[in-house]
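**Q** So the sequences go chain by chain: A and B. Each residue of the first sequence is one higher than the one before, starting from 25 at the first, in the working numbering. Each residue of the second sequence is one higher than the one before, starting from 25 at the first, in the working numbering. We put the beta carbon where it would ideally sit given N, CA and C, even for glycine.
2 protein chains.
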Amino acid sequence: MPPPPALRTDTFRRAISMRNALAPLSHTLNLGTPVSYRRNTEIFGEKEPADYAYRVISGSVRTYKILDDGRRQIGGFHLPGDIFGLLEFGDEHTFSADAITDTTVLVVKRKTLAVLAGRHPAIARELFTFTGRELRRVQDHVLLLLKTAQERVAGFLLEMAERTCAGNVVDLPMSRQDIADYLGLTIETVSRTLTGLESAAAIEVSTARRIVLRNRSALRRLDS
Amino acid sequence: MPPPPALRTDTFRRAISMRNALAPLSHTLNLGTPVSYRRNTEIFGEKEPADYAYRVISGSVRTYKILDDGRRQIGGFHLPGDIFGLLEFGDEHTFSADAITDTTVLVVKRKTLAVLAGRHPAIARELFTFTGRELRRVQDHVLLLLKTAQERVAGFLLEMAERTCAGNVVDLPMSRQDIADYLGLTIETVSRTLTGLESAAAIEVSTARRIVLRNRSALRRLDS
DNA sequence: CGACCATTTGATATGGATCAAGCGATGTGG
DNA sequence: CCACATCGCTTGATCCATATCAAATGGTCG
């Protein structure tokens, strides 16, 4: 919504200097202008012109749609290193995005990326790889929605543990409602399932937002 | 599975001459070698090297995964004009594909497409557009799986009607089991739902495989 | 401390799965 | 040409996972 400042050489340099061990798309996509959003504020809305793509530096983002019946479906959670807003069909965003926690992102014009990709095959290849990974992610989401509540929650926890790379302690940035809207369940079911997993000694719910994985293989079994 | 003959200049020319009013990706992707498959035969299997991409000329194809618990999830149905097998993460197919009915496809090396895309920005752009459309399709599949049985079936019929472009008469190439595995339902539920839609005068089930849409707006309302 | 919001827990309802049987079309051998 | 087997589909009865409705608990921030 707030159009970020145009990409200028100095901001470009500044962004490049911020390059760090952000996950997998090495370096070429580490450009753009840093912009920050406060918790629960909108980054962009569905149907808005998709001029910019974003990469998370710190914090966390959810992308979602509001369905006709008022329910909200979360398409994905985006953690540091992740890109979002890039792959849109046509010129409008197909999802809304907002910051779950206070978040800083790098903003870059999609058009700029397109030009760069045209000029540098390496960048084009990276974009293509990213696209493949994104497609895979959405396909996995389809498979997730076919499973039982227990499998969905167990799978979600394992995925978050992997993505946050923090051993067995998973600090969830998102609320139960967010999780429910991602997994296609209700908050009650998510809560009950977590309680169930705790009774089964697979996890420990330290606080609502902090889960400790006690028995990964059990979780993996439940994930099936 | 049966590795198609290598792309040679004469087959290339032959394929180009077959160019016709196949749907949306105009012409540049209308190249490759025609190959035919009989009904219910495998085109490729999951985990096989993804050397080739395919475009349906005539017939129909399903792509699917077999899940750990033995269920089958159909990722999509591919009708004349559609491309499949192109977007794979890495070098292996992530889905299996087989012919639903007797089917002819154009086969082209993915590598060839990559080279062509590198050389011709127009082709690169077409591939990118296709990718965006594919991503959208999978995202829509996610949304589909959140709906009620009635909404899924109604939405499926509307989609098929649109894709086959045959007015109100929809000739389904696939079985109830295929539909169920696509919609994440059981055959019983699909069957009952169709009967229900017929009672509601929204459709007419002429034969098991031929559905006539009697009241699209009602269907659209049920699709929500 | 008190208010508010997120989460958990409890009781009940329900949509779709499962189990089981019947039916209709298609094809095959006698 | 018909009897019969087969396969895909429909219909029926029951069960179960998750939604829904409702209330209690707990954590956070003024």
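Between the stretch 154-174 of chain A and chain B, which residues of the former have a C-beta closer than 8 Å to a C-beta of the latter?
**A** Cβ contacts with chain B: Thr155, Gly156, Arg157, Glu158, Leu159, Arg160, Val162, Gln163, His165, Val166, Leu167, Leu169 and Leu170.
**Q** Residues of chain B with CB closer than 7 Å to the CB of Phe68(A), please, in chain order.
**A** Ordered by position in chain B, no residue passes the 7 Å Cβ test against Phe68(A), which lies about 17 Å from the chain.
**Q** Name the chain B residues that come within less than 8 Å of Gln201(A), Cβ to Cβ?
**A** What Gln201(A) touches in chain B: nothing, since even the nearest Cβ is about 15 Å away.
**Q** Could you round the C-beta distance between Ala128(A) and Pro58(A) to whole angstroms and report it? I think they count as a contact, below 8 Å.
**A** A small fix is needed here, since residue 128(A) is Thr in this sequence, not Ala. Sure, about 6 Å apart at Cβ, within 8 Å.
**Q** Count Cβ pairs between the stretch 190-197 of chain B and the stretch 236-245 of chain B that sit closer than 8 Å; are there 3 or more?
**A** The answer is yes - the stretch 236-245 of chain B touches the stretch 190-197 of chain B, with three or more Cβ pairs under 8 Å.
**Q** Would Leu173(B) and Leu196(B) be called neighbours here (beta carbons separated by less than 8 Å)?
**A** This sequence places Ala at residue 173(B); Leu is not what is there. No, they are not a contact pair.
**Q** Can you pull the chain A residues whose beta carbon is under 8 Å from the beta carbon of Asp93(B), in chain order?
**A** The contacting residues are Ser248.
**Q** Drop a sphere of 10 angstroms on the beta-carbon of Thr219(B), count the other beta-carbons inside from all chains shown, and report buried for 16 or more, exposed for fewer.
**A** Its Cβ having fewer than 16 others within 10 Å, Thr219(B) is exposed.
**Q** Can you tell me whether Gly142(A) is helix, strand or coil according to DSSP?
**A** Correct three-state label for Gly142(A): helix.
**Q** Should Ala141(B) be labelled buried (16 or more other beta-carbon atoms within 10 Å of its own) or exposed?
**A** Buried, since its Cβ has 16 or more Cβ neighbours within 10 Å.
**Q** Ends of the alpha helix (DSSP H) at Glu250(B)?
**A** There is no way to answer for residue 250(B), as the model of chain B reaches only from 25 to 248.
**Q** Mind listing which residues of the stretch 109-143 of chain B have their C-beta closer than 9 Å to chain A's C-betas, in chain order?
**A** For the stretch 109-143 of chain B, which is checked against every Cβ of chain A, the residues closer than 9 Å are Leu111, Glu112, Phe113, Gly114, Thr118, Phe119, Ala138, Ala141 and Gly142.
**Q** Starting from Gly105(B), find everything on chain A with Cβ-Cβ shorter than 8 Å and list it in chain order.
**A** Those within 8 Å of Gly105(B) in chain A number zero; the least Cβ separation is about 18 Å.
**Q** For Glu158(A), count neighbouring C-beta atoms within 10 Å of its own C-beta (all shown protein chains included) and say buried if the count is 16 or more, exposed if not.
**A** Buried: at least 16 other Cβ atoms inside 10 Å.
**Q** Name the two residues that bound the continuous alpha helix (DSSP H) containing Glu175(A).
**A** Counting along the chain, the alpha helix (DSSP H) containing Glu175(A) begins and ends at Ala173 to Thr188.
**Q** Just list the residues that DSSP pairs Thr87(A) with in beta bridges.
**A** Per DSSP, Gly100(A) and Ala121(A).
**Q** I'd like to know whether the C-beta atoms of Leu246(B) and Glu175(B) end up nearer to each other than 8 Å.
**A** Yes.
**Q** Could you compute how far the alpha carbon of Thr231(A) sits from the alpha carbon of Lys89(A)?
**A** Near 29 Å, if we compare the C-alpha coordinates of Lys89(A) and Thr231(A).
**Q** With DSSP collapsed to three states, give me the class of Ala148(B).
**A** Here Ala148(B) sits in helix by DSSP.
**Q** Could you check how far apart the C-beta atoms of Leu207(A) and Val177(A) are, in whole angstroms? I think they sit under 8 Å.
**A** That pair is a contact at about 7 Å.
**Q** In whole angstroms, what is the alpha-carbon distance linking Gln163(A) and His117(B)?
**A** Roughly 13 Å between the two C-alpha positions.
**Q** Which value, in whole angstroms, describes the spacing of the CA atoms of Gly114(B) and His102(A)?
**A** C-alpha separation (whole angstroms): 22 Å.
**Q** Measuring CA to CA, which of Gly99(B), Arg95(B) and Gly94(B) is closest to Val4(B)?
**A** Absent from the structure is residue 4(B), since the part of chain B shown begins at 25 and ends at 248.
**Q** Output, in chain order, the set of chain A residues within a Cβ distance shorter than 9 Å of Pro73(B).
**A** Neighbours of Pro73(B) on chain A: none; closest Cβ ~16 Å, over 9 Å.
**Q** Does the separation of the CB atoms of Tyr76(A) and Arg143(A) fall below 8 Å?
**A** No, Cβ-Cβ distance for Tyr76(A) and Arg143(A) is not below 8 Å.
**Q** Secondary structure at Asp195(A), three-state DSSP: helix, strand or coil?
**A** DSSP places Asp195(A) in strand when its eight states are reduced to three.
**Q** Does Gly179(A) come within less than 8 Å of chain B when only Cβ atoms are used?
**A** No, its Cβ sits nowhere closer than 8 Å to a Cβ of chain B.
**Q** When the Cα of Gly69(B) is compared with those of Ala123(B), Phe180(B), Pro104(B) and Arg95(B), which residue comes out closest?
**A** Out of Ala123(B), Phe180(B), Pro104(B) and Arg95(B), Ala123(B) has the C-alpha closest to the C-alpha of Gly69(B).
**Q** Just the C-alpha distance for Ser241(B) and Ser223(B), rounded to the nearest angstrom, thanks.
**A** So the two alpha carbons sit approximately 16 Å from each other.
**Q** Leaving out five residues on either side along the sequence, give the residues of the same chain with a beta carbon under 6 Å from the beta carbon of Gln201(B).
**A** So the list reads Ile211, once near-sequence residues are dropped.
**Q** Are the C-beta atoms of Pro197(B) and some chain A residue less than 8 Å apart?
**A** So, not an interface residue.
**Q** Can you tell me which of the three DSSP states Lys71(B) falls into?
**A** Coil at Lys71(B), not helix or strand.
**Q** Could you tell me the distance, in whole angstroms, from the CA atom of Val139(A) to the CA atom of Ser215(A)?
**A** Cα to Cα, the separation comes out at about 47 Å.
**Q** Pick helix, strand or coil for Ser241(B), following the three-state DSSP scheme.
**A** Of the three classes helix, strand and coil, the one that applies to Ser241(B) here is helix, per DSSP.
**Q** Please confirm whether Leu243(B) has its beta-carbon closer than 8 Å to some beta-carbon of chain A.
**A** Not one chain A Cβ lies under 8 Å of Leu243(B).
**Q** In chain A, which residues lie less than 9 Å from Gly208(B) when you measure between Cβ atoms?
**A** Val166, Leu169 and Leu170, listed in chain order.
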